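The structure appears right after this line, and notes come after that.
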Amino acid sequence: MTLTAERAPADPGLRHRLAERGVDRQLLLLLPAVLFVVLLFLYPFFYGLQLSFAPAQGGPFASYIAFFSDSYQSGTIWITLKLALPAALLNVLASVPIAYRMRGNFRGKRLLTILLVVPITLGTVLTAQGLRNFLGPNGWFDRLLGAIGIADMPQLVQNYWGVFFSLVITGFPFAFLLILSYLSGIDPTLERAAATLGADWKQRFLRITLPLLAPGLATTFCLTFVLAFSVFPSAVLVGDPAGSTRVLSLAAYQAAYEKFDYSLASAIAMIMGAVELIVIGVVLLARSQLYTGTTGGKG
Amino acid sequence: MSSFSELRLDGVGRRFAGKDALVDLDLTIRSGEFIALLGPSGCGKSTALNCLAGLLPLTAGSVWMDERRIDTLPPEKRGFGMVFQSYALFPHMSVRRNIAFGLQMQRLPRGEVKRRTDAGIKLVQLEDHAGKLPGQLSGGQQQRVAIARAVVLEPSLVLMDEPLSNLDAKLRLEMRTEIRRLHQSLGLTTVYVTHDQEEALSLADRLVVLREGRVQQIGTPEELHSRPVNWHVADFMGFRNIVDARVVGATGTEAEVEFDGTRLTGTVAGGSAGVTAGISTGATVKAAVRPDDLRVTTGAGLEAVVEVVEYQGREQAVEARTPGGRALHLRTQERLAPGDAVRLTVSPERLLLYPSDAGSAAQPLVEAGAGT
Chain B
1 MTLTAERAPA
11 DPGLRHRLAE
21 RGVDRQLLLL
31 LPAVLFVVLL
41 FLYPFFYGLQ
51 LSFAPAQGGP
61 FASYIAFFSD
71 SYQSGTIWIT
81 LKLALPAALL
91 NVLASVPIAY
101 RMRGNFRGKR
111 LLTILLVVPI
121 TLGTVLTAQG
131 LRNFLGPNGW
141 FDRLLGAIGI
151 ADMPQLVQNY
161 WGVFFSLVIT
171 GFPFAFLLIL
181 SYLSGIDPTL
191 ERAAATLGAD
201 WKQRFLRITL
211 PLLAPGLATT
221 FCLTFVLAFS
231 VFPSAVLVGD
241 PAGSTRVLSL
251 AAYQAAYEKF
261 DYSLASAIAM
271 IMGAVELIVI
281 GVVLLARSQL
291 YTGTTGGKG
Chain E
1001 MSSFSELRLD
1011 GVGRRFAGKD
1021 ALVDLDLTIR
1031 SGEFIALLGP
1041 SGCGKSTALN
1051 CLAGLLPLTA
1061 GSVWMDERRI
1071 DTLPPEKRGF
1081 GMVFQSYALF
1091 PHMSVRRNIA
1101 FGLQMQRLPR
1111 GEVKRRTDAG
1121 IKLVQLEDHA
1131 GKLPGQLSGG
1141 QQQRVAIARA
1151 VVLEPSLVLM
1161 DEPLSNLDAK
1171 LRLEMRTEIR
1181 RLHQSLGLTT
1191 VYVTHDQEEA
1201 LSLADRLVVL
1211 REGRVQQIGT
1221 PEELHSRPVN
1231 WHVADFMGFR
1241 NIVDARVVGA
1251 TGTEAEVEFD
1261 GTRLTGTVAG
1271 GSAGVTAGIS
1281 TGATVKAAVR
1291 PDDLRVTTGA
1301 GLEAVVEVVE
1311 YQGREQAVEA
1321 RTPGGRALHL
1331 RTQERLAPGD
1341 AVRLTVSPER
1351 LLLYPSDAGS
1361 AAQPLVEAGA
1371 GT
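As they're listed, the protein sequences go chains B and E.
Per the numbering used here, the first sequence runs over residues 1 to 299.
Per the numbering used here, the second sequence runs over residues 1001 to 1372.
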């Protein structure tokens, strides 16, 4: 023992002990990510936070009081939730059966996946433009309905539904891709085992696949919800930005760049973040009650 | 579950993308029988099992349970229990809920589900682990849950797909005895798929040897062990030495062959007229002998030089090379060392002679990779 201790130089000993605790030169690889987070997230966040408590007039909470005491402002929370929650839910629910059917390999799977995922590449503005052309007054959809004798369809753009469709179009591919990968991670033998034990397809889905998929659905819901919650371009382009689709981000934009009240805009951004955190917190709390271990598959 | 007296596979076949995985499987399984489907990987044994379970639709033939046709039924309507190679335990359910699953699917009264689940847990001695999730169990324990889950339903047929292949050697032996004990005590009709001939011989009442999707031989362990019908089956049943030899004289059931300049007397195997037709003077045959039956002699015999010696307790496993360059395998109690010159002999009834199959498309390499 003594001999080894004498022969080993002190420096490698320290380096070795640090390495045991995960402190070594590879730690430098984290540097860009840490810089990125600090400069592009933490700094703006804390800057905005202090700005929201430093209004031009009134006490530190004046911006928040102004927001919540004006129903035209505070109503935007409900407007945004009314858009984002159903859109995220629909994206998740619609993805499940399609992803379920598309597990495993079959002819044309790649083409079908590409078709389902293409909307990701379009961007919200292009989607909104397309929606106006397709669903708008004298759009293709309108003319098609007219041609087969259905007139007086309710208006589908420049209102709540226009934004809702746009959120579904852009959010669905994300939800679908995520759920497909969660589903592929579930060992298909489990369902076959359930079949040999007498479970029909409904029981197999409800008792085997769904419980194993549920944590993935919760995560997917959170991600698509966050995407939908920060909706901005489509709320303006295919929505009713003065009324039924005056969402939180729009209110923040107007406060900052039309009224130049940066404190109020920051406060709205903070409120936006808080609402998102509450929804995600609730979903993740529910998720923690579920089985989240291995699902036996390659995932 | 409905029981049966006879389960009949009638010309069962399965093709995958134009390629035959299983061809014309005829098999009658009697109630209470333990059948092993045996063969190398890709021989169609798992395909046969999945067809039987209803997890794979047939492309030819039919399956009959007594007078009822069952190959058109979905798996959940067949009432068979299946044990999967990967166990396929439901990872989000406790041991108890895994075992109860099938009983619940039958909508049995709560009390009966509990009673039979308890009995199942007791059967595989997992009383202390009933509340655990599968992920918290060892491989052997998971295996026992899988077996209990399949047998609590008292299925008319239990299907096992290489259930022991994921266990280590010691546990494999223990579970093998366990499966045999369960079969003896419950009397459940069982079809067991394996590539391990020793496992199949020790467990089964009858073996079905498959090769390239076709049945090679159906018989008792005794028949398979001592009388393989062709050299492929012999190869699979532990005849590690299979060499080409030339017939120099045939007399009824015995024939004299020449191999590497040495003459040996062997038994014409197979038996049917069509098979013995291939054994005539001048023909090249496959001569098969187990390592245990190749003896070191001081008298006349096949000359060889010892190359590799493996210590195996009381015996040694030896690889020796003939002057013609053939590697031969033998087991002997004599202490040999690499470089020793030996003479080998075999008694005529232990040297089996098979016609070389000209018709077969695939000719597996004899002695492939055997230490050479």
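Even for Gly, the Cβ is constructed at its ideal location relative to N, Cα and C.
Please read all numbers here as calculations on a predicted model, not as lab measurements.
Cutoff 8 Å: residue i Cβ touching any chain B Cβ
i: E/F1080; result: yes
i: E/S1156; result: no
i: E/P1323; result: no
i: E/E1198; result: no
i: E/P1057; result: no
i: E/L1133; result: yes
i: E/G1274; result: Any reading at E/G1274 is ruled out, since the residue's pLDDT is 43, under 50, leaving its predicted position unreliable.
i: E/F1016; result: no
i: E/P1163; result: no
i: E/E1076; result: yes
i: E/A1060; result: no
Cβ of residue i within 8 Å of any chain E Cβ
i: B/L217; result: no
i: B/G123; result: no
i: B/Q203; result: yes
i: B/A252; result: no
i: B/A286; result: no
i: B/L197; result: yes
i: B/D200; result: yes
i: B/T295; result: yes
i: B/L212; result: yes
i: B/K298; result: Residue placement at B/K298 cannot be trusted, given a pLDDT of 41 that sits under 50; the coordinates are not used to answer.
i: B/Y262; result: no
i: B/Y257; result: no
i: B/I208; result: yes
Range of the contiguous beta strand (DSSP E) that encloses residue i
i: E/K1286; result: T1284 to V1289
i: E/A1255; result: E1254 to F1259
i: E/L1330; result: A1327 to T1332
i: E/A1060; result: A1060 to M1065
i: E/P1355; result: L1352 to P1355
i: E/F1016; result: E1006 to F1016
i: E/V1306; result: L1302 to Q1312
i: E/R1321; result: E1315 to R1321
Element boundaries [alpha helix (DSSP H), containing residue i]
i: B/M102; result: Premise fails: B/M102 is in no alpha helix (DSSP H) and is neither H nor E.
i: E/R1149; result: G1139 to V1151
i: B/S266; result: Y262 to S288
i: B/R143; result: W140 to A147
i: E/M1175; result: A1169 to L1186
i: E/A1341; result: First-last for E/A1341: A1341 to T1345, but that is the beta strand (DSSP E), not the alpha helix (DSSP H).
i: E/L1224; result: P1221 to S1226
i: E/Q1136; result: Taken as a continuous stretch (DSSP letters only), E/Q1136 belongs to no alpha helix (DSSP H), as it is neither H nor E.
i: B/R110; result: K109 to V117
i: B/L51; result: Y43 to S52
Separation of residue j from residue i, as counted between CA atoms
i: B/L223; j: B/L167; result: 13 Å
i: E/L1103; j: E/S1062; result: 28 Å
i: E/A1245; j: E/R1326; result: 12 Å
i: E/R1172; j: E/L1164; result: 6 Å
i: E/R1181; j: E/E1349; result: 34 Å
i: E/N1098; j: B/L190; result: 11 Å
i: E/V1275; j: E/Y1354; result: Only weak support exists for where E/V1275 lies, its pLDDT of 49 falling under 50; the coordinates are left without a value.
i: B/G104; j: B/F176; result: 15 Å
i: E/E1310; j: E/V1095; result: 43 Å
i: B/M1; j: B/L29; result: Per-residue confidence for B/M1 stands at a pLDDT of 44, beneath the threshold of 50, marking its modelled position as unreliable; the derived number appears in the next sentence. Cα to Cα, B/M1 sits roughly 36 Å from B/L29.
i: B/I179; j: B/M153; result: 34 Å
i: B/L183; j: B/A274; result: 31 Å
i: B/A286; j: E/S1003; result: 45 Å
i: E/V1285; j: E/I1279; result: 7 Å
i: E/A1362; j: E/L1025; result: At E/A1362 the pLDDT is 38, less than 50, meaning the model places this residue with poor confidence and gives no usable figure here.
i: B/R25; j: B/V38; result: 21 Å
- Please name the residues in the region 1098-1110 of chain E whose beta-carbon is closer than 7 Å to at least one beta-carbon of chain B, in chain order. Flagged, chain order: F1101, G1102, M1105 and Q1106.
- Task: Return the residues of the region 1081-1093 of chain E that lie within a Cβ-Cβ distance of less than 7 Å from chain B, sorted by chain order.
- Result: Taking 7 Å as the Cβ-Cβ cut-off against chain B, the residues of the region 1081-1093 of chain E that qualify are G1081, M1082, F1084, S1086, A1088, F1090, P1091 and H1092.
- Query: Given a limit of 8 Å on CB to CB distance, which residues of the region 178-192 of chain B reach chain E?
  - Reply: Closer than 8 Å at the C-beta level to chain E, one finds these residues of the region 178-192 of chain B: D187, T189, L190 and R192.
- Message: Under 7 Å, CB to CB, which of the residues in the region 1307-1338 of chain E have a partner in chain B?
- Response: Result list empty, no residue passes.
- Message: Any C-beta of chain B within less than 9 Å: which residues of the region 1039-1054 of chain E qualify?
- Response: Answer in chain order: N1050, A1053 and G1054.
- Message: I'd like the ranges of any beta strand (DSSP E) spanning at least 3 consecutive residues and lying wholly in the region 1036-1094 of chain E.
- Response: Whole beta strand (DSSP E) segments, 3+ residues: 1060-1065 and 1080-1083.
- Considering only residues of the region 162-219 of chain B, which uninterrupted alpha helix (DSSP H) runs meet the minimum length of 4 residues and lie entirely inside it, listed in chain order? Here the runs fully enclosed are 188-196 and 201-204.
- Query: Any residues in the region 97-116 of chain B with a beta carbon nearer than 7 Å to a beta carbon of chain D? Which ones, in chain order?
  - Reply: Absent from the structure is chain D; the protein chains it does hold are B and E.
- Message: To be precise: take each residue of the region 143-171 of chain B, compare its Cβ to all Cβ atoms of chain E, and keep it if any distance is under 8 Å. Which residues remain?
- Response: Look at the region 143-171 of chain B: it has no residue with a C-beta under 8 Å from a C-beta of chain E.
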